[in-house]
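> Just so you know, the protein sequences line up as chains X and Y, in that order. Per our numbering, the first sequence starts with residue 1, numbered consecutively. Per our numbering, the second sequence starts with residue 312, numbered consecutively.
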Amino acid sequence: MREDSDVFLMGEDIAEMGGSMGVTQGLLDEFGPERVRNTPISEAGIVGAGIGAAMQGMRPVVEIMYEDFLTLSAEQIVNQAAKHRYMSGGQLKVPLTIRTQGGAGWSPGAQHAQQLEAWFVHIPGLKVVFPSTPTDVRGLLWTAIHDDNPVLVFEHRLLYPVKEEVPDELEPIPFGQARTVREGEDVTVIATGPMVHRSVEAAVEAEKNGVSVEIVDPRSLQPLDEEALVASVKKTNRCVVTHEAVTRMGFGAEVASVIQYQAFDWLDAPIERVGAKFAPLAFAPVMEQFIVPNSEDVLAAIYRTVGRDGN
Amino acid sequence: MATEIKLPRLGQGMESGTIVKWLKSEGESVEKGEPLYELDTDKVTQEVEADASGVLLKIAIQEGEVPVGQTVAVIGEQGEDVVLEATASGPEEEQQTEGSRGPARDDERERGRQASAEATPAPSGNGAGTRTDGRIKASPLARRIARERGIDLAQLRGTGPEGRIVAEDVERAEAAPAPTPTAAAAPMGDPEVVPLTSVRKTIARRLTEAWTVPVFQLTIDVEMGRAVALREQLVERAGDGAKPTLSDVLTKISASALMKHRTVNAHFGEEGITRFPSANVGIAVAAPQGLVVPVIQRAEVLTIQEIANVRSELVGRARDNKLQRGDLDGGTFTISNLGMFGVAQFIAVLNPPQAAILAVGSVEERPVARGGEIVARPMMTLTLTCDHRTVDGADGARFLEDVKAFLEEPGLAL
Numbered sequence: 001m002r003e004d005s006d007v008f009l010m011g012e013d014i015a016e017m018g019g020s021m022g023v024t025q026g027l028l029d030e031f032g033p034e035r036v037r038n039t040p041i042s043e044a045g046i047v048g049a050g051i052g053a054a055m056q057g058m059r060p061v062v063e064i065m066y067e068d069f070l071t072l073s074a075e076q077i078v079n080q081a082a083k084h085r086y087m088s089g090g091q092l093k094v095p096l097t098i099r100t101q102g103g104a105g106w107s108p109g110a111q112h113a114q115q116l117e118a119w120f121v122h123i124p125g126l127k128v129v130f131p132s133t134p135t136d137v138r139g140l141l142w143t144a145i146h147d148d149n150p151v152l153v154f155e156h157r158l159l160y161p162v163k164e165e166v167p168d169e170l171e172p173i174p175f176g177q178a179r180t181v182r183e184g185e186d187v188t189v190i191a192t193g194p195m196v197h198r199s200v201e202a203a204v205e206a207e208k209n210g211v212s213v214e215i216v217d218p219r220s221l222q223p224l225d226e227e228a229l230v231a232s233v234k235k236t237n238r239c240v241v242t243h244e245a246v247t248r249m250g251f252g253a254e255v256a257s258v259i260q261y262q263a264f265d266w267l268d269a270p271i272e273r274v275g276a277k278f279a280p281l282a283f284a285p286v287m288e289q290f291i292v293p294n295s296e297d298v299l300a301a302i303y304r305t306v307g308r309d310g311n
Numbered sequence: 312m313a314t315e316i317k318l319p320r321l322g323q324g325m326e327s328g329t330i331v332k333w334l335k336s337e338g339e340s341v342e343k344g345e346p347l348y349e350l351d352t353d354k355v356t357q358e359v360e361a362d363a364s365g366v367l368l369k370i371a372i373q374e375g376e377v378p379v380g381q382t383v384a385v386i387g388e389q390g391e392d393v394v395l396e397a398t399a400s401g402p403e404e405e406q407q408t409e410g411s412r413g414p415a416r417d418d419e420r421e422r423g424r425q426a427s428a429e430a431t432p433a434p435s436g437n438g439a440g441t442r443t444d445g446r447i448k449a450s451p452l453a454r455r456i457a458r459e460r461g462i463d464l465a466q467l468r469g470t471g472p473e474g475r476i477v478a479e480d481v482e483r484a485e486a487a488p489a490p491t492p493t494a495a496a497a498p499m500g501d502p503e504v505v506p507l508t509s510v511r512k513t514i515a516r517r518l519t520e521a522w523t524v525p526v527f528q529l530t531i532d533v534e535m536g537r538a539v540a541l542r543e544q545l546v547e548r549a550g551d552g553a554k555p556t557l558s559d560v561l562t563k564i565s566a567s568a569l570m571k572h573r574t575v576n577a578h579f580g581e582e583g584i585t586r587f588p589s590a591n592v593g594i595a596v597a598a599p600q601g602l603v604v605p606v607i608q609r610a611e612v613l614t615i616q617e618i619a620n621v622r623s624e625l626v627g628r629a630r631d632n633k634l635q636r637g638d639l640d641g642g643t644f645t646i647s648n649l650g651m652f653g654v655a656q657f658i659a660v661l662n663p664p665q666a667a668i669l670a671v672g673s674v675e676e677r678p679v680a681r682g683g684e685i686v687a688r689p690m691m692t693l694t695l696t697c698d699h700r701t702v703d704g705a706d707g708a709r710f711l712e713d714v715k716a717f718l719e720e721p722g723l724a725l
């Protein structure tokens, strides 16, 4: 925002309150109410206004408080933002960034905890990123704002407290570049968002049992770094795909398909998938935990790929 | 109405069994509950009872390895027609109706079918799990490696989930090529190949597994005068019971020491170390079919005479190949005694997941220093092999120290 006066923010309670998750705290003071704007509770309106401003040459960053509420702005995102550049023969551009957050693990209930990233990966014309660390958030957000196309940035509620040393210099992270979180020999775990951290826990555990686990975080789901994922699986010959979203029709289905097609002759075990059970997320913490995948689920899948039962 | 008799699953993890012999012949009448055939599983040989009454109309599998659930015989009424589904030869009609497929897969199916047809009558069991439906189950990677190196998958045995051939199996096959017949080069007579029995395979698998465990050994010398005297007194009083042996004394002493040192009376598992409230002591027995380890349950509450009675019964059953699966389950510690062969000391291989195994040497007079003099004393050497994941050196040493103290003064074990 300091570099480019075309960048401005819109969203519910993002100004004085600093956003319901505190992400935009302090920005009102520095950039003023013209560039940090509270909106009415109208998700379609927020995204629609963002699209209009973007087509007029601005670089808006809009916030949808919970990704569950993306459903209300789906018309604007799917039919407008994703389509204008194509339908105008390239005369219009929509350099819009849509930030949103979601995820289970703190009992927000069935309407405030979903992981819907896969819906938007399905739409040509959109880019989708899902960072899992502070460094990745910064680098990917920078790239999203500078991209001339609409980009959805998915954040996970439980990852806000993650702390790490970030470089002083901002390093933009290009889309379509996966990150190898951990190197290993026996099985590749392809994980997004919170599952990256849960997979690391599982990998540490598996290591104790002599199973060496590589973890790859695609970071951007569209475009997808197929090359890196396939290369890793060709090295380890086994693959687990995991995300917190429901397994059925989840992003992992696409990844599994890419892997089986491009690395078929390198696979030594069926690709395992780990995701949420096919159920609305419960309020009750114990039921929520039951539905959402954890590190033990990843560990069990790792052991299945190497033909062990974990004992 | 005829009943198909299928191979039962007689215990957890049982995937197949080898039919040794039939105790009834075709045409004979059978009562439900009567022993029908003898079955060799990876743990024991046992008689399987008929689960229906009638006439044994047909024995489908005379002998050899059979997967769980396969029909082995048909019991019905006299004169009834027996229609057995083709179980092992491959579902050929089904394949014709499935429509066309690529020539490569047809070839492979054909190979798989031939292989399964060859494998069926032979009781070798080699690879049986991989081609129950005429198709060879192998991972794409295993197939590629086999293709590149010209290895025939039909000759391999899969170790992956559900018997799938995985890359490791192919690589192993290449590393150890099938022995080629070289009869001409054997001037002293042909070497004899003894096919692996289920028990032998289990021994091989479990002891190979045990080799991956980080172990250490502790050795201690024990003066056996009092233990030998105790045993002699017990023999005099045995009456109709089995004669107690030094092994029985050791079982009791070990059980008492295990109750004091629970860290040693344990199993290692991924979820944690399980410590047991009872000492279920396994005793290694050289049975005709190979090493078996029947278990004396709750040895800590039994008298030495009771231990002798149980041990005598178990060893008898082991020698007659009549052990039940229950006789072998639940061991928390194992004793292996080779003293009767004059072995002075040896190192036993761990019996996982148990934390420790005690190797017992012979009792023999040895010169020892006592009060500045060299004297002859009946001595015995014990070697404890411990799983270091479960037991630390000092734990093992303290346990062994108590075993020694109890043997030298059996009253301490009370």
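Glycine included, each C-beta is placed from N, C-alpha and C at the ideal position.
Give the secondary structure of W119 (chain X) by DSSP, where H, G and I count as helix, E and B as strand, and everything else as coil.
One-based indexing of the first sequence puts residue 119 (chain X) at position 119. Reduced to three states, the DSSP call for W119 (chain X) is helix.
> Enumerate, from N- to C-terminal direction, the unbroken alpha helix (DSSP H) stretches of 4 or more residues contained entirely within the stretch 28-60 of chain X.
43-55
> Run down chain X in chain order and give the residues with a C-beta less than 8 Å from the C-beta of P472 (chain Y).
As a working note, residue 472 (chain Y) is residue 161 in the second sequence. Result: A269, R304 and G307.
> Just to confirm before moving on: does the CB-CB distance between A670 (chain Y) and V702 (chain Y) stay below 8 Å?
Position 359 of the second sequence, counting from 1, holds the residue named residue 670 (chain Y). Position 391 of the second sequence, counting from 1, holds the residue named residue 702 (chain Y). The answer is no: Cβ separation not under 8 Å.
> Give a yes or no on whether the C-beta atoms belonging to A206 (chain X) and L299 (chain X) are separated by under 8 Å.
Along the first sequence, read from residue 1 onward, the residue named residue 206 (chain X) stands at position 206. Along the first sequence, read from residue 1 onward, the residue named residue 299 (chain X) stands at position 299. Yes, the Cβ-Cβ distance between A206 (chain X) and L299 (chain X) is below 8 Å.
> Check the C-beta distance from T180 (chain X) over to S132 (chain X) and give it rounded, since I have them as a contact under 8 Å.
Here residue 180 (chain X) corresponds to residue number 180 of the first sequence, with the count starting at 1. Here residue 132 (chain X) corresponds to residue number 132 of the first sequence, with the count starting at 1. Actually they do not touch by this definition, with Cβ atoms about 13 Å apart.
> Below 8 Å between beta carbons: does that hold for Q635 (chain Y) and Q357 (chain Y)?
Position 324 of the second sequence, counting from 1, holds the residue named residue 635 (chain Y). Position 46 of the second sequence, counting from 1, holds the residue named residue 357 (chain Y). Taking a C-beta distance under 8 Å as the contact criterion, Q635 (chain Y) and Q357 (chain Y) qualify as a contact pair.
> Hey, is the stretch 570-581 of chain Y in contact with the stretch 617-633 of chain Y, meaning 3+ C-beta pairs nearer than 8 Å?
no
> Against chain Y, which members of the stretch 233-244 of chain X pass a CB distance test of less than 7 Å?
N237
> Measuring CA to CA, which of X:D136, X:R248 and X:R238 is closest to I271 (chain X)?
The residue given as residue 271 (chain X) occupies position 271 in the first sequence. Of the listed residues, the one whose Cα sits closest to I271 (chain X) is X:R238.
> Verify the CB distance criterion: does V581 (chain Y) have a CB-CB separation below 8 Å to chain X?
In the second sequence, counting from the first residue as 1, residue 581 (chain Y) sits at position 270. The residue you asked about is not Val; residue 581 (chain Y) is Glu in the sequence shown. Flagged as an interface residue toward chain X: E581 (chain Y), by a C-beta distance shorter than 8 Å.
> Run through DSSP, which three-state label would M691 (chain Y) get?
Translated into the one-based positions of the second sequence, residue 691 (chain Y) becomes position 380. It is a strand residue.
> For the alpha helix (DSSP H) holding P289 (chain X), just list the boundary residues, first then last.
On the first sequence, residue 289 (chain X) is found 289 positions in, with the first residue counted as 1. The question names Pro, yet the displayed sequence has Gln at residue 289 (chain X). Unbroken alpha helix (DSSP H) run through Q289 (chain X): P285 to I291.
> For F264 (chain X) and chain Y, any beta-carbon pair shorter than 8 Å?
Position 264 of the first sequence holds residue 264 (chain X). By this cut-off, F264 (chain X) is an interface position.
> DSSP state of T192 (chain X), grouped into three classes?
As a position in the first sequence, residue 192 (chain X) is number 192, starting the count at 1. Collapsing the DSSP output to three states places T192 (chain X) in coil.
> Determine, for N209 (chain X), whether the minimum Cβ-Cβ distance to residues of chain Y falls below 8 Å.
For the purposes of this step, residue 209 (chain X) is identified with residue 209 of the first sequence, where counting begins at 1. Output row for N209 (chain X): interface = yes.
> Count the other CB atoms, across all protein chains shown, that sit within 10 Å of the CB of P663 (chain Y); report buried if there are 16 or more and exposed otherwise.
Walking along the second sequence from the start, residue 663 (chain Y) turns up at place 352. Classification for P663 (chain Y): buried.
> Who are the neighbours of P451 (chain Y) on chain X, taking C-beta pairs under 9 Å?
Position 140 of the second sequence, counted from the start, is the residue given in the question as residue 451 (chain Y). Under the 9 Å cutoff, chain X gives Q260, A263, F264, D265, W266, L267 and D268.
> Does any C-beta atom of chain X lie closer than 8 Å to the C-beta of V477 (chain Y)?
Position 166 of the second sequence holds residue 477 (chain Y). Closer than 8 Å: yes.
> Interface residues of chain X around R455 (chain Y) at Cβ under 9 Å?
Locating residue 455 (chain Y) in the second sequence gives position 144, where the first residue counts as 1. Ordered by position in chain X, the residues that pass the 9 Å Cβ test against R455 (chain Y) are F264, D265 and W266.
> Distance, Cα to Cα, S673 (chain Y) vs L725 (chain Y)?
The count along the second sequence starts at 1 and reaches residue 673 (chain Y) at position 362. The count along the second sequence starts at 1 and reaches residue 725 (chain Y) at position 414. Straight-line Cα distance between these residues: approximately 25 Å.
> Return the first residue and the last residue of the beta strand (DSSP E) that G580 (chain Y) is part of.
Your numbering for residue 580 (chain Y) matches position 269 in the second sequence. Residues A577 to G580.
> Please classify K554 (chain Y) as buried or exposed, where buried requires at least 16 neighbouring CB atoms within 10 angstroms.
Residue 554 (chain Y) sits at position 243 when you count from the first residue of the second sequence. By the neighbour-count rule (16 or more Cβ atoms within 10 Å), K554 (chain Y) is not buried but exposed.
> Using a Cβ-Cβ cut-off of 7 Å (strictly less than) and excluding sequence neighbours within five positions of V255 (chain X), which residues of its own chain qualify?
One-based indexing of the first sequence puts residue 255 (chain X) at position 255. Closer than 7 Å at the Cβ level, and outside the excluded window around V255 (chain X), lie I190, L229 and V241.
> Using the rule of at least 16 other Cβ atoms within 10 Å of the residue's Cβ for burial, across every protein chain shown, is M65 (chain X) buried or exposed?
On the first sequence, residue 65 (chain X) is found 65 positions in, with the first residue counted as 1. The residue is buried, with at least 16 neighbouring Cβ atoms inside 10 Å.
> Go ahead and label F652 (chain Y) buried or exposed: buried means 16 or more other beta carbons lie within 10 angstroms of its beta carbon, across all protein chains shown.
On the second sequence, residue 652 (chain Y) is found 341 positions in, with the first residue counted as 1. The residue in question, F652 (chain Y), is exposed, as its Cβ has fewer than 16 Cβ neighbours within 10 Å.
> Among residues of its own chain, excluding the 5 on either side of G252 (chain X), which ones have a beta-carbon nearer than 7 Å to its beta-carbon?
Translated into the one-based positions of the first sequence, residue 252 (chain X) becomes position 252. Around G252 (chain X): V241, T242, H243, R273 and G275.
> Do you know how far the Cα of L221 (chain X) is from the Cα of P174 (chain X)?
On the first sequence, residue 174 (chain X) is found 174 positions in, with the first residue counted as 1. On the first sequence, residue 221 (chain X) is found 221 positions in, with the first residue counted as 1. About 12 Å.
> Tell whether a beta-carbon distance below 8 Å holds between L368 (chain Y) and E339 (chain Y).
As a working mapping, residue 368 (chain Y) is identified with position 57 in the second sequence. As a working mapping, residue 339 (chain Y) is identified with position 28 in the second sequence. For L368 (chain Y) and E339 (chain Y), no; Cβs fall outside 8 Å.
> Leaving out five residues on either side along the sequence, give the residues of the same chain with a beta carbon under 8 Å from the beta carbon of I77 (chain X).
Taking the first residue of the first sequence as 1, we reach residue 77 (chain X) at position 77. Counting only Cβ-Cβ distances below 8 Å, and skipping sequence neighbours, we find V47, L70, I98, F120, I123, L126, P150 and L152.
> Quick one: measure Cβ to Cβ for L318 (chain Y) and V383 (chain Y), integer angstroms, because I've assumed they're closer than 8 Å.
In the second sequence, counting from the first residue as 1, residue 318 (chain Y) sits at position 7. In the second sequence, counting from the first residue as 1, residue 383 (chain Y) sits at position 72. So it is a contact: roughly 5 Å between Cβ atoms.
> Excluding sequence positions up to five away, which residues of its chain have a Cβ less than 6 Å from the Cβ of N648 (chain Y)?
Mapped onto the second sequence, residue 648 (chain Y) falls at position 337. The residues are S558 and V671.
> In the DSSP assignment, find the unbroken alpha helix (DSSP H) run with D532 (chain Y) in it and report its ends.
By 1-based counting over the second sequence, the position of residue 532 (chain Y) is 221. Note, D532 (chain Y): premise wrong, no alpha helix (DSSP H); beta strand (DSSP E) at V526 to E534.
> Using a Cβ-Cβ cut-off of 7 Å (strictly less than) and excluding sequence neighbours within five positions of Y86 (chain X), which residues of its own chain qualify?
Sequence index remark: in the first sequence, residue 86 (chain X) carries index 86 (1-based). Excluding positions up to five away in sequence, the list reads G125.
> Identify the residues that DSSP records as bridge partners of V137 (chain X): which are they?
Position 137 of the first sequence, counted from the start, is the residue given in the question as residue 137 (chain X). For V137 (chain X), which the question treats as bridged, DSSP gives no partner whatsoever.
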